[in-house]
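Heads up: the structure comes next, in structure tokens.
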Amino acid sequence: MYTYDTIDKAMLADRSQEFRGQVARRLAGDLTEDQFKPLRLMNGLYLQLHAYMLRVAIPYGSLNPAQLRKLAWIGRTYDKGYGHFTTRTNLQFHWIKLADTPDILDHLASVDMHAIQTSGNCIRNTTTDPYAGATAEEVDDPRVWAEAIRQWSTFHPEFSFLPRKFKIAITAAPKDRTAARVHDIGLVLKRARDGSLGFEVIVGGGMGRTPYVGPTVKEFLPVNRLLSYLEAILRVYNRHGRRDNIYKARIKILVAALGKDEFAKQVEAEWAKIGEGADLPDTELARIRGAFAQTAFETLPAHSEAFEAAKASNPAFARFVRNNLKPHKKAGYGIVEVSLKGIGDTPGDASSEQMEVVADLAERYGLNDIRVTHEQNLVLPHVKLDDVPAVWAALHEAGIATPNINLVSDIIACPGLDYCALANARAIPIAQQIAEKFRDQDRAEKVGELKIKISGCINACGHHHVGHIGILGVDKKGEEFYQLTLGGSGAEDAAVGSMLGPALPYEKVADAVDTLVDVYLRERQDGERFLDTFRRTGVTPFKEAVYADAH
Amino acid sequence: MKALTANRLTDGEVVFWKAGQWVTRFADAELWADDDPAAVQAEASGKAQPTVVVDAYLIDLVESEGLWAPLSYRERIRALGPSNHLHHGKQAEGGAVIEALQHAHGAARSTGRVNLIKRK
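One line per chain: the protein sequences are A and B, in this order. Be aware that the first sequence starts at 2, since it is given in this note's numbering, and climbs by one per residue. Be aware that the second sequence starts at 5, since it is given in this note's numbering, and climbs by one per residue.
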């Protein structure tokens, strides 16, 4: 993975020192809360319901074992022994003290980590494919471009005070594991017939109050022109974005208002003015690319006796393999998904001990590589098939081998009203109740791929708009109610879900999901996923079943 | 009835007003009748302590099991802790007031909080 150079390290040290001074001035009363708030937010520090929350950046979801161990140590030392992985592939500590924060930033900096670009109206952490560098599906390693964007965007003076926050996703595989089409900018790496690489550039997707699947504004941007083109997009946004109205300030509103053709025209005009001078020099690109070249792969047979024997003798391991092991580009290797969705657990939470287990496994069996997915799980991207039984045994022992990746209990949920100052309703207990309904793994596997996503408010951190079943917590006269949407997708077939019907009270939601699954199992035709069946039948059979009591 | 709440500046801990001091347990909070001017005076005093607390505001209470509990669900979670980790936050201590909060119903928006947001 990319290693920070002396410039990066000096920046982190300076930043931490600067924040130490700002915290001291706040505690002494030299800064008011109104003056201090934007400063702490620029360092990922929020004040939530019970304590401060520190959001640590995990650039493009990539970690090494030393970093994950440090996060575990911070969780144990300064929090309650755990951390929460988010849909931005970051990690949040929910019980942080303001006075401890400068020390925590120093500890993070000691392993090249920080909380930069985790809040504020800047370019946030770029999402990439958690299988990058491991899947045969990709045409290039998207981390190379994500790292280039990190270096370009961090503290970029022109893009530090945008009209609103700004999120970019990059996928290099046709199977989109980044939700690229619902980002402010989605970049899909493609190879042209002549062998050259380029990006399909999607602008103006997003969720929140006004969800959009983003339109493609450029079909094929040569890869070496990426940064100048991004600069042109950001300039048009900076100039015309709605700073007067926070609800209309995201770029999706601008793209929708101008129309994609006019927006693209303005970007092209700006791009022509910028020229090639703003692009990444080939030498720098080569330096970054070199950091991601994985040279430690062994030449192995595609077939592993040890792996096949374990599968044949241990049904629990075989189930894990069916659901959590994904094909690797190198023969004899696999991609292991570590589920942070234990039945009854909080989606995305990992204890310090669990983080240490994953760090140890990455070191021993995984080429020191760990990824965070936007679906709030972890990935060991390079594990020899020979070693998968040992990895499974250790994960199982630690309670993070639940064989449910992409199944109904692999639920995205934001922290919701249990922690978040913005939330209207709880998300976590709803996820726990639904997962309990599908504790029987046979039934869960029979249901197959079903993505449930839950947000505790309209800001949609839980990606509810793009859930096959989306659940949005709302406040109805102070009571927790939940609006269900069906048919959304954050993948390559991106779509915004449609409303099922009137919002349901807290205690009815899990039963309603159970009913929706029953309707799907009744209606589905050969090989259809829940999403396919919904798209074929429409909402009617689902609606009739859930609201049958009301008739 | 009303109580005054805020988050402590140094650590974000949820605190309640009691006779000129901030206390951490809702059970110890000072309560006022809805029309008691002392509540508004306490709110003004709390707001005048910007190096001690952040965002002081009055919350509405409702009777639960013979005791008083915050009316809004949000404020009950603040006074208890997260419902997914019952050993985290103030609820870990247990006791009659904690149980009354856990069993309280009749949620409504936290009026004090809404006023705070409107003022910003």
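Glycine residues also receive a C-beta, built at the ideal position from the N, C-alpha and C atoms. Computed from a predicted structure; not experimentally measured.
Notebook entry, point to check: Would a check of beta-carbon distances place Arg123 (chain B) closer than 9 angstroms to chain A?
Noted result: Confidence at Arg123 (chain B) is low in this model, with a pLDDT of 47, below 50, so the placement of that residue should be treated as unreliable; the coordinate-derived value is given next. Not an interface residue.
Check: By Cβ distance, which residues of its chain are closer than 7 angstroms to Ala250 (chain A), with the 5 residues on each side in sequence left out?
Finding: Pro164, Arg165, Gly242, Arg243, Arg244
Check: Just the Cα atoms here: how many angstroms apart are Thr90 (chain A) and Gly349 (chain A)?
Finding: 10 angstroms
Next item on the list: Can you say whether Lys176 (chain A) is buried or exposed, counting buried as having 16 or more other CB atoms within 10 angstroms of its CB?
Entry: exposed
Notebook entry, point to check: Which whole-angstrom value is the C-beta distance of Ser23 (chain B) and Gly50 (chain B), which I expect to be below 8 angstroms?
Noted result: Here residue 23 (chain B) turns out to be Ala, not Ser, going by the sequence shown. Contact doesn't hold; Cβ gap of about 12 angstroms is too wide.
Next item on the list: Mind listing the chain A neighbours of Thr55 (chain B)? Cutoff is C-beta to C-beta under 9 angstroms, in chain order.
Entry: Arg27, Leu28, Ala29, Gly30
Check: Nearest-angstrom Cα distance between Asp443 (chain A) and Pro506 (chain A)?
Finding: 29 angstroms
Check: From Arg123 (chain B) to Val58 (chain B), what does the alpha carbon distance come to, in whole angstroms?
Finding: Here the model assigns Arg123 (chain B) a pLDDT of 47, short of 50, so the residue's position is not dependable, and the following value carries that caveat. Going by the C-alpha atoms only, they are around 15 angstroms apart.
Notebook entry, point to check: Span of the alpha helix (DSSP H) holding Trp36 (chain B)?
Noted result: Run containing Trp36 (chain B): none; DSSP gives neither H nor E here.
Check: If you measure from the CB of Leu71 (chain B), is any heavy atom of the ligand PLP nearer than 8 angstroms?
Finding: The ligand PLP is not part of this structure, which contains no ligands at all.
Notebook entry, point to check: Thr119 (chain A) CB to nearest chain B CB: under 9 angstroms?
Noted result: no
Check: For Lys124 (chain B), which three-state DSSP category applies?
Finding: With a pLDDT of 44 at Lys124 (chain B), under the threshold of 50, the modelled position of this residue cannot be trusted, and the question is left open.
Check: What three-state label does DSSP hand Leu65 (chain B) in the structure shown?
Finding: strand
Notebook entry, point to check: How is Ile59 (chain A) classed by DSSP in three states: helix, strand or coil?
Noted result: coil
Notebook entry, point to check: Is Ile470 (chain A) helix, strand or coil when you go by DSSP?
Noted result: strand
Notebook entry, point to check: In three-state DSSP terms, what is Glu376 (chain A)?
Noted result: coil
Item checked: Partner residues on chain B for Gln433 (chain A), Cβ-Cβ distance less than 9 angstroms -> Asn88
Notebook entry, point to check: Under 8 angstroms Cβ-Cβ, which residues of chain B neighbour Leu40 (chain A)?
Noted result: Those within 8 angstroms of Leu40 (chain A) in chain B number zero; the least Cβ separation is about 14 angstroms.
Checklist line | Same chain, Cβ closer than 6 angstroms to Ala46 (chain B), neighbours up to 5 away in sequence not counted | finding: Leu8, Trp21
Next item on the list: Give the single residue among A:Val214, A:Pro302, A:Ile431 whose Cα lies nearest to the Cα of Lys385 (chain A).
Entry: A:Pro302
Next item on the list: Give a yes or no on whether 9 angstroms exceeds the smallest Cβ distance from Tyr483 (chain A) to chain B.
Entry: no
Notebook entry, point to check: Just the Cα atoms here: how many angstroms apart are Leu90 (chain B) and Ala96 (chain B)?
Noted result: 6 angstroms
Notebook entry, point to check: Candidates A:Asp31, A:Ile59, A:Val24, A:His51: which alpha carbon is nearest Leu42 (chain A)'s?
Noted result: A:Val24
Checklist line | Contacting residues, own chain, Cβ-Cβ under 8 angstroms from Thr55 (chain B) (five flanking each side not counted) | finding: Leu13
Item checked: The beta strand (DSSP E) enclosing Tyr483 (chain A), as first and last residue numbers -> 480 to 487
Notebook entry, point to check: Are any of the Cβ atoms in chain B nearer than 9 angstroms to that of Ile401 (chain A)?
Noted result: no
Notebook entry, point to check: Under the three-state reduction of DSSP, which class applies to Tyr3 (chain A): helix, strand or coil?
Noted result: coil
Next item on the list: Could you tell me which chain B residues have their CB closer than 7 angstroms to the CB of Tyr420 (chain A), listed as they occur along the chain?
Entry: Pro86
Notebook entry, point to check: Is it the case that the Cβ atoms of Gly121 (chain A) and Ser154 (chain A) are separated by a distance below 9 angstroms?
Noted result: no
Next item on the list: Could you tell me which residues DSSP puts in a beta bridge with Leu259 (chain A)?
Entry: Leu259 (chain A) pairs with nothing; no bridge assigned.
Note to self: If the criterion is Cβ atoms closer than 9 angstroms, does the pair Arg372 (chain A) and Leu64 (chain A) meet it?
What the structure shows: yes
Next item on the list: Starting from Thr78 (chain A), trace the alpha helix (DSSP H) both ways and give me its first and last residue.
Entry: 66 to 79
Notebook entry, point to check: Does any C-beta atom of chain B lie closer than 9 angstroms to the C-beta of Glu508 (chain A)?
Noted result: no
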